[in-house]
Amino acid sequence: MSLFTEETLILYLYQETEPKLTREIEAALEDDIFLQEKLKMLQRSIKQLERLKNQSKLPREESVKSILAYAKKHAKK
């Protein structure tokens, strides 16, 4: 059973742990299959979050056209 929290492992993945803690985690990873799986799961989660973050945040073209049509129809002349 791992003594490392998910928060600690996330810090490790972002290379924000102190050198001593990094060595402890890496030593534990050599023997602890559950810790290895936990780390892999966190890596996948981080990758998914990065993909979502990098996706376009533009509105759909359909939405823009609808808004423009509404504005044109209701514009003061």
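Per the working numbering: the sequence shown ends with 273, consecutive numbering throughout. Quick reminder that beta carbons are idealized off the backbone N, C-alpha and C, glycines included.
Asked                                                                                                                                                      : Found
At the level of alpha carbons, what is the spacing between glutamate 203 and glutamate 212?                                                                : 11 Å
Within its chain, find whatever has a CB closer than 8 Å to the CB of leucine 198; leave out the 5 residues flanking it on each side and keep chain order. : It should be noted that the sequence gives serine, not leucine, for residue 198. Once the five neighbours on either side are set aside, the close Cβ partners of serine 198 are Ala224, Asp228, Phe230, Leu231, Lys234.
Would you call the CB atoms of leucine 238 and isoleucine 206 closer than 8 Å?                                                                             : yes
Could you check the C-alpha separation between arginine 219 and tyrosine 208 for me, to the nearest Å?                                                     : 10 Å
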